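Protein chains in written order, with our numbering: chain A, 1 to 566; chain B, 567 to 875.
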Amino acid sequence: MNPLRIIRQWPASFSGRIFISLFLTMLILALLFNMLFIDLQKQLLTEQTISEGKGQAELLAYTVRLGVFAENKEQLRLPVEAILAQQDVLRVAIFNKEGKMLFALEQQENDSTEPLPAPDICLIPPQRNIDSTQVKIHENGFCFRAPVTTKNTSMSPEELFFEPEDVAWSEEIIGSVQIVISKDRLTRGIKTILTRNFILAAIFLALAAMTTFIIVRQATRPMEELLIRVKKKAGITEQSQDFDLLNKTFASLIEELHNSFRTITGLKLNLEKKVAERTAQLSQRHMELVETNQKLTKTLTELKKAQSHLVQSEKMASLGQLVAGVAHEINNTTNFITGALPSLKRLMSGLETILSRYDDLAVKHGETVKENTGKGDHDYKKMLTDVDILLANISKGARRTGNIVRELRQFSRLDEERKKRMDIHDGLESTLTFIYPEYRNRIEIIKNYDETLAPVTCMPGKINQVFMNLLTNSMQAIPGKGTLTIRTRQDYGRVHIIIKDSGSGIAPENLDRIFDPFFTTKEPGVGTGLGLSISYTIIKEHNGEILVRSEEGNGTEFEIILPVNG
Amino acid sequence: MKIHCCQIIIFILFLILPGITSTARSADIVVVQNARIKPYQTALCSFQATISTIPGRYGKTIQPVQLSEIYLPDMHGGKSLAREILRRRPDLILAMGRKALAAVKDFQNIPIIYLLTPSLPPSLSQQANITGVEMKLSAAAQLREVRKRLPQVKQIGILYDPRYSADFIREAETAAAELGFTLVSHQIKSAKEVLAGLNDLGSGIDLLWMAPDLTVATPQGVEALFLFAMENRIPVLTFADKYLQSGALLAVSFDIPAMGDAAGILAKKILSGTRVEKIQPVISEKVKVMVNEKIAARLKIKINPEVMP
Numbered sequence: 001m002n003p004l005r006i007i008r009q010w011p012a013s014f015s016g017r018i019f020i021s022l023f024l025t026m027l028i029l030a031l032l033f034n035m036l037f038i039d040l041q042k043q044l045l046t047e048q049t050i051s052e053g054k055g056q057a058e059l060l061a062y063t064v065r066l067g068v069f070a071e072n073k074e075q076l077r078l079p080v081e082a083i084l085a086q087q088d089v090l091r092v093a094i095f096n097k098e099g100k101m102l103f104a105l106e107q108q109e110n111d112s113t114e115p116l117p118a119p120d121i122c123l124i125p126p127q128r129n130i131d132s133t134q135v136k137i138h139e140n141g142f143c144f145r146a147p148v149t150t151k152n153t154s155m156s157p158e159e160l161f162f163e164p165e166d167v168a169w170s171e172e173i174i175g176s177v178q179i180v181i182s183k184d185r186l187t188r189g190i191k192t193i194l195t196r197n198f199i200l201a202a203i204f205l206a207l208a209a210m211t212t213f214i215i216v217r218q219a220t221r222p223m224e225e226l227l228i229r230v231k232k233k234a235g236i237t238e239q240s241q242d243f244d245l246l247n248k249t250f251a252s253l254i255e256e257l258h259n260s261f262r263t264i265t266g267l268k269l270n271l272e273k274k275v276a277e278r279t280a281q282l283s284q285r286h287m288e289l290v291e292t293n294q295k296l297t298k299t300l301t302e303l304k305k306a307q308s309h310l311v312q313s314e315k316m317a318s319l320g321q322l323v324a325g326v327a328h329e330i331n332n333t334t335n336f337i338t339g340a341l342p343s344l345k346r347l348m349s350g351l352e353t354i355l356s357r358y359d360d361l362a363v364k365h366g367e368t369v370k371e372n373t374g375k376g377d378h379d380y381k382k383m384l385t386d387v388d389i390l391l392a393n394i395s396k397g398a399r400r401t402g403n404i405v406r407e408l409r410q411f412s413r414l415d416e417e418r419k420k421r422m423d424i425h426d427g428l429e430s431t432l433t434f435i436y437p438e439y440r441n442r443i444e445i446i447k448n449y450d451e452t453l454a455p456v457t458c459m460p461g462k463i464n465q466v467f468m469n470l471l472t473n474s475m476q477a478i479p480g481k482g483t484l485t486i487r488t489r490q491d492y493g494r495v496h497i498i499i500k501d502s503g504s505g506i507a508p509e510n511l512d513r514i515f516d517p518f519f520t521t522k523e524p525g526v527g528t529g530l531g532l533s534i535s536y537t538i539i540k541e542h543n544g545e546i547l548v549r550s551e552e553g554n555g556t557e558f559e560i561i562l563p564v565n566g
Numbered sequence: 567m568k569i570h571c572c573q574i575i576i577f578i579l580f581l582i583l584p585g586i587t588s589t590a591r592s593a594d595i596v597v598v599q600n601a602r603i604k605p606y607q608t609a610l611c612s613f614q615a616t617i618s619t620i621p622g623r624y625g626k627t628i629q630p631v632q633l634s635e636i637y638l639p640d641m642h643g644g645k646s647l648a649r650e651i652l653r654r655r656p657d658l659i660l661a662m663g664r665k666a667l668a669a670v671k672d673f674q675n676i677p678i679i680y681l682l683t684p685s686l687p688p689s690l691s692q693q694a695n696i697t698g699v700e701m702k703l704s705a706a707a708q709l710r711e712v713r714k715r716l717p718q719v720k721q722i723g724i725l726y727d728p729r730y731s732a733d734f735i736r737e738a739e740t741a742a743a744e745l746g747f748t749l750v751s752h753q754i755k756s757a758k759e760v761l762a763g764l765n766d767l768g769s770g771i772d773l774l775w776m777a778p779d780l781t782v783a784t785p786q787g788v789e790a791l792f793l794f795a796m797e798n799r800i801p802v803l804t805f806a807d808k809y810l811q812s813g814a815l816l817a818v819s820f821d822i823p824a825m826g827d828a829a830g831i832l833a834k835k836i837l838s839g840t841r842v843e844k845i846q847p848v849i850s851e852k853v854k855v856m857v858n859e860k861i862a863a864r865l866k867i868k869i870n871p872e873v874m875p
């Protein structure tokens with residue numbers, strides 16, 4: 001490629017534009033700072049000139065104070081000439097207090113092309129009582145005026161000999177000095193500053209341009225390469241504007257990015273929807289599984305219960321048959337005894353009558369039966385009394401056996417009863433009346449009846465027997481005084497009768513066995529161990545349930561659940 | 567019997583003692599000072615040392631002295647000072663400085679001694695209850711010291727204002743003639759004339775004598791004098807040591823402790839019962855001589871080593 005063409009086209013390139021922008025910025029900043037700096041330098045130089053002029057004026061005022069005091073021109077000449085010998089000092093003048101010029105000298109050889117300022121214009125009019133150095137800036141120079149002061153001359157005689165304590169001499173103005181300093185030095189200084197600054201700025205700009213060019217070239221090289229690749233890709237062969245190409249490429253990239261983002265957003269939304277659907281399905285499945293699991297658990301529990309009930313029922317059925325057979329045989333045997341007992345009692349009564357008559361006869365004949373029988377140590381009356389006692393015991397035992405047999409027959413369903421509608425509360429009340437002696441003055445009965453309780457279809461006698469068994473058991477479980485709570489309620493077509501005592505409770509190890517036949521914790525002869533077993537059988541016969549809850553030491557609660565239409 | 571005699575003697579002593587002690591009561595002296603400056607303190611120390619052994623009126627006991635100082639700048643006006651002096655009821659007032667003397671001169675019933683008080687007005691020197699130590703520096707004494715220390719000096723130049731120093735110049739001329747000096751004197755009427763007067767004296771003099779003159783010894787006059795002396799390399803004789811540091815070679819000044827002693831002796835006399843009008847003011851002849859050796863070295867002047875202070 002033609003190098004001239006490259007040089008001509010470079011300002012339009014990316015790196016060319018950056019370089020030009022940076023260089024112009026630096027140029028403007030350099031110029032601004034330079035001007036500011038020059039202005040500051042000018043101010044400083046002016047202040048320095050004024051400060052030096054003031055210093056010279058004050059120094060002169062101090063030096064000539066004796067000459068001014070004495071108004072002695074010879075005394076003034078030397079200091080004035082010394083000041084005038086300073087560079088750029090154009091004129092020096094000394095005045096007395098009244099403003100009269102005591103001495104003045106001017107620079108004879110004035111190199112300045114500018115005319116010297118006229119004394120009348122330049123010199124500050126001498127005023128009385130100025131107490132500080134004054135400055136007047138003239139077109140061609142600076143005029144300074146400083147007061148000449150001296151100590152007050154009035155003294156006391158003591159002050160001749162002694163230095164007074166805390167001496168405070170009052171200063172008296174006795175005249176003034178005026179110095180005119182040319183602006184040449186200031187002008188020369190400003191010119192020097194300008195020249196130096198512009199040279200420095202030029203050097204700085206040249207160095208900065210070179211450095212910027214190198215940095216820009218290095219920094220924009222990846223960009224240039226990118227542009228070349230973009231041009232190649234776009235098939236651009238002619239030298240086009242880099243920025244246009246970059247703009248176009250950037251615009252197309254942005255468009256593509258927008259499209260990509262739109263696609264990603266659409267995919268993201270679709271994915272989220274699918275995830276939500278799958279999540280919902282999974283949740284539903286999970287719920288179903290939980291429900292199924294609950295059902296299975298419930299079914300398993302029911303199955304276990306059913307199995308238990310079945311086993312119990314089978315056991316009870318077998319036991320019932322056995323008990324029925326045994327009860328029948330015992331009943332037959334007992335019938336012999338109970339059937340023979342009245343006859344035996346009558347015979348024994350006849351025997352007692354006969355023996356009584358023998359006794360009467362013996363009394364008539366003067367001897368006793370005892371003597372007749374030859375068994376003096378046996379009294380037949382006592383023997384008869386013992387026989388009566390034995391007969392009473394036999395009768396009692398027979399009755400008890402009969403009772404056992406009757407209970408066994410009930411247990412084995414030997415006694416059937418017809419079902420009819422029964423008010424449960426009436427049944428409870430009649431049973432309580434029946435067992436009143438059992439709890440009188442000992443147990444407080446708390447009744448919490450549901451007045452809306454429906455009548456239950458059942459066999460009232462058997463249900464009352466259940467009440468009797470449970471209430472008696474509960475009262476017997478209360479050792480001293482206590483409470484017994486009877487509560488009824490109804491739900492879902494079932495009646496609940498809850499009997500709770502404040503007794504000693506049932507030991508956990510016995511809780512599973514209390515419905516077993518012949519299981520009892522009472523003293524031998526006190527209970528048969530059939531009450532709860534019979535109650536269980538009766539409730540099951542009514543398609544109900546009997547539940548027990550007990551905690552040792554905190555009483556026992558029985559709950560009978562009967563279907564209203566059993 | 568002996569016990570009774572002792573008791574009687576003790577009783578008599580008990581009655582007499584208060585009388586004796588009353589005769590030996592302390593003398594109260596009020597010192598009134600212009601200001602708190604070192605020369606006053608120096609003079610007061612000497613005064614105090616001198617009066618510390620004042621004999622009693624009967625000459626048998628040592629009378630204690632109580633000094634109380636009053637500084638005029640601390641007093642708010644003459645009434646305040648008068649109240650203070652009346653409250654203290656002193657036996658004697660020592661006035662140090664012109665202002666102090668002027669402030670106490672109206673206490674005509676109290677003896678007053680003035681000290682370090684230059685240029686005493688004639689009216690005060692005539693007042694019956696006032697006496698003191700004159701502050702007069704003898705021209706002859708100064709010239710004698712010059713003769714001792716600077717034997718090479720022949721011509722002495724001096725500026726003076728006849729309003730203040732006519733007597734002094736007369737005494738100086740007499741003394742100079744006696745001691746073999748040529749005194750070149752020049753009259754001036756204001757401090758402005760000092761510079762011109764010095765030029766008139768010329769550089770031919772061997773010593774420039776600064777007179778205790780209120781016109782010559784102004785700050786401007788002193789400055790011109792020392793400038794002239796420096797430019798013409800002429801040694802300066804002065805009357806106060808404070809000018810040594812300004813460039814004087816020799817200072818012949820008052821001996822302030824000696825003046826304090828002289829005042830103390832006057833006080834002793836007054837407190838011993840001598841009437842004040844019979845005690846004339848005294849002049850302390852003793853002088854103090856100081857040499858600025860740096861100036862001597864710079865001017866290459868040899869001081870007679872036998873009389874070096």
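Positions of the beta carbon are idealized from the N, C-alpha and C atoms, including for glycine. Quick caveat, the model's predicted, so the values are computed rather than measured.
| Item | Value |
| --- | --- |
| Quick one: residues in its chain with C-beta nearer than 7 Å to the C-beta of residue 533(A), no 5 flanking neighbours on either side, listed in chain order? | 411, 515, 516 and 517 |
| CB residue 95(A) to CB residue 77(A), shorter than 8 Å? | no |
| Do residue 598(B) and residue 659(B) have their beta-carbon atoms positioned less than 8 Å apart in this structure? | yes |
| Hey, is residue 684(B)'s beta-carbon within less than 8 Å of any beta-carbon in chain A? | yes |
| By Cβ distance below 6 Å, which residues in the same chain neighbour residue 898(B) in space, the five residues on each side in sequence not counted? | Nothing about residue 898(B) can be reported from this structure: the residues present for chain B run from 567 to 875 only. |
| What residue from 717(B), 791(B), 751(B) and 742(B) has the CA that sits closest to residue 732(B)'s CA? | 751(B) |
| If we ignore side chains and look at the alpha-carbon of each, how far apart do residue 587(B) and residue 783(B) end up? | Confidence at residue 587(B) is low in this model, with a pLDDT of 43, below 50, so the placement of that residue should be treated as unreliable; the coordinate-derived value is given next. Those two C-alpha atoms are separated by around 53 Å. |
| List the residues of chain A that residue 663(B) touches, going by C-beta distances under 8 Å, in chain order. | 158 |
| Taking 8 Å as the CB-CB limit, is residue 608(B) close to chain A? | no |
| Taking 8 Å as the threshold (C-beta atoms), are residue 88(A) and residue 181(A) in contact? | yes |
| What residues of chain B sit near residue 107(A), judged by a beta carbon separation below 8 Å? | Chain B residues near residue 107(A): none, gap ~27 Å exceeds 8 Å. |
| For residue 784(B), would you say it is in contact with chain A, using Cβ-to-Cβ distances shorter than 8 Å as the test? | yes |
| Does residue 138(A) come out as helix, strand or coil in the three-state DSSP assignment? | coil |
| Measuring alpha carbon to alpha carbon, tell me which residue in 278(A), 401(A) and 346(A) is nearest residue 333(A). | 401(A) |
| Kindly give me the distance between the Cβ atoms of residue 639(B) and residue 601(B), rounded to whole angstroms, as I take these residues to be in contact under 8 Å. | 6 Å |
| Within the 8 Å Cβ cut-off, does residue 596(B) reach chain A? | no |
| As an exercise, report each continuous alpha helix (DSSP H) stretch of at least 4 residues that is fully enclosed by the region 620–688 of chain B, in chain order. | 644–654 and 664–670 |
| Under 8 Å by Cβ, that's how I've got residue 567(A) and residue 468(A) pegged, so tell me the actual separation to the nearest angstrom. | Absent from the model: residue 567(A). The displayed extent of chain A is 1 to 566, so no value can be given. |
| Using the Cα positions of residue 447(A) and residue 427(A), report the straight-line distance between them to the nearest angstrom. | 13 Å |
| Unbroken beta strand (DSSP E) runs of length 3 or more, entirely within the region 34–112 of chain A: which are they? | 89–96 and 101–106 |
| Using only alpha-carbon positions, find the residue among 767(B), 686(B), 844(B) and 808(B) that is nearest to residue 785(B). | 808(B) |
| Which partner residues of residue 444(A) appear in the DSSP bridge assignment? | 483(A) |
| Note down, in chain order, all residues in the region 136–154 of chain A with a beta-carbon under 9 Å from any beta-carbon belonging to chain B. | 150, 151, 152, 153 and 154 |
| The beta strand (DSSP E) with residue 563(A) in it runs from where to where? | 556–563 |
| Closer than 9 Å, Cβ to any Cβ of chain A: which residues of the region 746–775 of chain B, in chain order? | 756, 757, 758, 759, 760, 761, 762 and 765 |
| Cβ of residue 72(A) less than 8 Å from any chain B Cβ? | yes |
| Can you have a look at residue 477(A) and say buried or exposed, based on whether 16 or more other CB atoms are within 10 angstroms of its CB? | buried |
| Of all the residues that make up the region 845–865 of chain B, which are near chain A by a beta-carbon distance shorter than 9 Å? | none |
| Ends of the alpha helix (DSSP H) at residue 474(A)? | 460–477 |
| Who are the near neighbours of residue 83(A) in its chain, counting only those whose CB is closer than 7 Å to its CB and skipping five residues on each side? | 56, 60, 89, 92 and 179 |
| Would you call the region 715–732 of chain B and the region 771–779 of chain B touching, i.e. three or more CB-CB distances under 8 Å? | yes |
| Taking 8 Å as the threshold (beta carbon to beta carbon), is residue 605(B) in contact with chain A? | yes |
| Residues of chain D with CB under 8 Å from residue 164(A), in chain order? | Here the protein chains are A and B, and chain D is not one of them. |
| Which stretch, first to last residue, makes up the beta strand (DSSP E) that contains residue 721(B)? | 721–726 |
| Over the uninterrupted alpha helix (DSSP H) stretch that includes residue 774(B), give me the two end residues. | No alpha helix (DSSP H) contains residue 774(B), which is instead part of the beta strand (DSSP E) from 773–775. |
| Just to confirm, are residue 230(A) and residue 249(A) a CB contact at a threshold of 8 Å? | yes |
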